[in-house]
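Participant: Have a look at the structure that comes next, please.
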Amino acid sequence: MPESFTVGLLIVVVLAVIFDYINGFHDTANAIATSVATRALRPQVAVAMAAAFNFIGAFAGTAVATTIGKGLVDEQTTTQAIVAAALIGAITWNLMTWWWSLPSSSSHALIGGLLGATIIAAGTGALRMDGIVDKVLIPMVTSPIVGFVGALLLMVLLAWIFKGAPRKPMARLFRRLQVLSAGYMAFAHGSNDAQKTMGIITLALFSAGAIGSIEVPTWVIVVAATALSLGTAVGGWRIMRTMGHRVAELEPVHGFAAEATAATVLVGTAHFGMPVSTTHVISSAIMGVGTSQGLRAVRWGVARNILVAWVLTIPAAALIAASSWVVIHSLDLVH
């Protein structure tokens, strides 16, 4: 870490690590719920594998981190107080939805927190609306649709390919394939979600003058990867039940299709620097494979509750972050 660390900057980095750790156990379900639900993997093995591939995925690139660092708000107006408030907003909302067993988006909680803190501190003029629209709002709508439709079409294709195949041998085959798709999903989760913490730490370093540009230092990548993978290793069992059992009844072929589709969407969006929601994409993919069995195969009441959490996440995290900034600023806790 740089020698120019101040107490305020250290507090912000610690908050970022806490957010990343919570992100890990909050979003464990995204990577492994379907594999556990279909009994392709034992829970302990699934969690360990997810933690390992989360760590590896974090080193896949920094395009999403760059978007968080300078693509959504004017980094010249950002202060450590803004970053601290953004993280408090995201952490608070993540813990609330974890307690309610709702698979909300950690990504959108962080983005909402950053936008809310920036607006209250620097005004709407500090927002980069082109980046918000192109990198957040459009992908926020389109990525779940692609996940839903892609998973549905993949299930239709697999049903056609394996039409008439004995059920038990097919289940054994896809349980083995699900080990691969679960690893792929965990890698994709790491490649997308760890970068958001990298971006917010880099933004804090830049605002404190510890670095001269929004370029992610190597130590930040290592810290973010480690915190996310440790959080994943703890496991988010409350949300896992919702993702794995309450949205739709899954067999191994469904789990494979949902994971493979969602992971592909996430890897693609990470490549283009779009901080999309892992939760949104895998939830939609699960709904897509469930719909392949008929509309009644999906528990739309549970899906509606998840949708409500999606809609509320950005404004709720923004409001909490804005309130946090007022407190931080009035007490002069972080400069």
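Per the working numbering, numbering of the sequence shown is gapless, rising by one per residue and ending at 335. Each residue gets a CB set at the ideal place from its N, CA and C atoms; glycine is no exception. In this text the structure is predicted, and so the values were computed from the model without any measurement.
At which residue ranges does the stretch 110-169 contain complete beta strand (DSSP E) runs of 3 or more residues, listed in the order of the chain?
Facilitator: Listed in chain order, nothing qualifies, since the stretch 110-169 has no complete beta strand (DSSP E) run of 3 or more residues.
Participant: Buried or exposed: which applies to H280, given that a residue is buried once 16 or more other Cβ atoms fall within 10 Å of its Cβ?
Facilitator: Classification of H280: buried, given that the 10 Å Cβ count is 16 or more.
Participant: What separation, rounded to the nearest whole angstrom, lies between the Cα atoms of N54 and P43?
Facilitator: Spanning the two alpha carbons is a distance of roughly 16 angstroms.
Participant: Using 9 angstroms as the threshold, is the C-beta distance between D74 and A117 below it?
Facilitator: Cβ distance not < 9 angstroms, so D74 and A117 don't count as in contact.
Participant: Can you tell me which residues form a DSSP beta bridge with V73?
Facilitator: Note: V73 sits in a beta bridge opposite L127.
Participant: Hey, would you say T202 sits closer than 9 angstroms to P217, going by beta carbons?
Facilitator: Yes, Cβ-Cβ distance for T202 and P217 is below 9 angstroms.
Participant: With distances taken Cα to Cα, identify the nearest neighbour of T261 among V36, A171, A86, G288.
Facilitator: Out of V36, A171, A86, G288, G288 has the C-alpha closest to the C-alpha of T261.
Participant: Any idea what DSSP makes of F272, helix, strand or coil?
Facilitator: Note: F272 maps to coil in three-state DSSP.
Participant: Take every Cβ of the stretch 265-275, pair it with every Cβ of the stretch 302-316, and state whether three or more of those distances are shorter than 8 angstroms.
Facilitator: No, the stretch 265-275 does not touch the stretch 302-316.
Participant: Would P204 and V12 qualify as a contact pair, given that the criterion is a beta-carbon distance under 9 angstroms?
Facilitator: Checking the sequence shown, residue 204 turns out to be Ala, not Pro. Yes, they are a contact pair.
Participant: So, using beta-carbon positions, are A40 and V179 closer together than 9 angstroms?
Facilitator: Closer than 9 angstroms, so yes.
Participant: Is it right to say V83 is buried, meaning 16 or more other beta carbons lie within 10 angstroms of its own, or is it exposed?
Facilitator: Answer is buried; the Cβ neighbour count reaches 16.
Participant: So what's S284 in DSSP terms, helix, strand or just coil?
Facilitator: Residue state, collapsed to three classes: helix.
Participant: Measure from the alpha carbon of T67 to the alpha carbon of each residue in A46, L110, A257, then state which is nearest.
Facilitator: The shortest C-alpha separation from T67 is found at L110.
Participant: Here's a check: name, in chain order, each residue in its chain whose Cβ is nearer than 6 angstroms to the Cβ of M170, leaving out the five neighbours to either side.
Facilitator: Only F162 meet the Cβ criterion.
Participant: Give the secondary structure of P315 by DSSP, where H, G and I count as helix, E and B as strand, and everything else as coil.
Facilitator: In this structure, P315 counts as helix in the three-state DSSP scheme.
Participant: Which of helix, strand or coil does DSSP assign to Q44?
Facilitator: Correct three-state label for Q44: helix.
Participant: Between the C-alpha atoms of V36 and L230, what's the straight-line distance to the nearest angstrom?
Facilitator: Straight-line Cα distance between these residues: approximately 19 angstroms.
Participant: Report the rounded CA-to-CA distance for A51 versus G183, giving the unit in angstroms.
Facilitator: C-alpha separation (whole angstroms): 10 angstroms.
Participant: Would you identify the three-state DSSP class for T278, choosing helix, strand or coil?
Facilitator: Helix at T278.
Participant: Smallest Cα separation from P315: which of R172, T92, A60?
Facilitator: Out of R172, T92, A60, T92 has the C-alpha closest to the C-alpha of P315.
Participant: Flag this pair as yes or no: are the beta carbons of M49 and A194 separated by less than 9 angstroms?
Facilitator: Contact flag unset, no.
Participant: Whose CA, out of V234, L115, A159, I200, lies closest to the CA of L15?
Facilitator: The candidate whose alpha carbon is nearest that of L15 is I200.
Participant: Buried or exposed: which applies to T38, given that a residue is buried once 16 or more other Cβ atoms fall within 10 Å of its Cβ?
Facilitator: Classification of T38: buried, given that the 10 Å Cβ count is 16 or more.
Participant: Assign L15 to one of three DSSP states: helix, strand, or coil.
Facilitator: L15: helix per DSSP, three-state reduction.
Participant: What would DSSP say about M243, mapped onto helix, strand or coil?
Facilitator: In this predicted model, M243 has a pLDDT of only 48, less than 50, meaning its place in the structure is not dependable; the value taken from the coordinates is given anyway. If DSSP states are grouped into helix, strand and coil, M243 belongs with the helices.
Participant: Residue range of the alpha helix (DSSP H) that I68 falls in?
Facilitator: Neither: I68 is in no alpha helix (DSSP H) and is coded neither H nor E.
Participant: Give the C-beta separation of F19 and L87 to the nearest angstrom, bearing in mind that I take them to be a contact with Cβ-Cβ under 8 angstroms.
Facilitator: Their Cβ separation, rounded to whole angstroms, is 5 angstroms, which keeps F19 and L87 in contact under 8 angstroms.
Participant: Let's test the definition: count the other Cβ atoms within 10 Å of the Cβ of G123 and tell me whether it reaches 16, buried, or not, exposed.
Facilitator: Exposed, since its Cβ has fewer than 16 Cβ neighbours within 10 Å.
Participant: Does the distance from the CB of S292 to the CB of L152 come in under 9 angstroms?
Facilitator: The answer is yes: Cβ separation under 9 angstroms.
Participant: Near F148, which residues of its chain fall below 8 angstroms by C-beta distance, leaving aside the five closest residues on each side in sequence?
Facilitator: S284, A285, M287, G288, T291, listed in sequence order.
Participant: What span of residues does the alpha helix (DSSP H) with I82 cover, start to end?
Facilitator: Note, I82: alpha helix (DSSP H), 80-99.
Participant: When the Cα atoms are used, what is the spatial distance from V146 to V265?
Facilitator: So the two alpha carbons sit approximately 8 angstroms from each other.
Participant: According to DSSP, simplified to helix, strand and coil, what is T261?
Facilitator: The answer is helix: DSSP assigns T261 an H, G or I state.
Participant: By alpha-carbon positions, which one of V141, F59, I32 ends up nearest to V47?
Facilitator: Taking only the C-alpha atoms, the option nearest V47 is I32.
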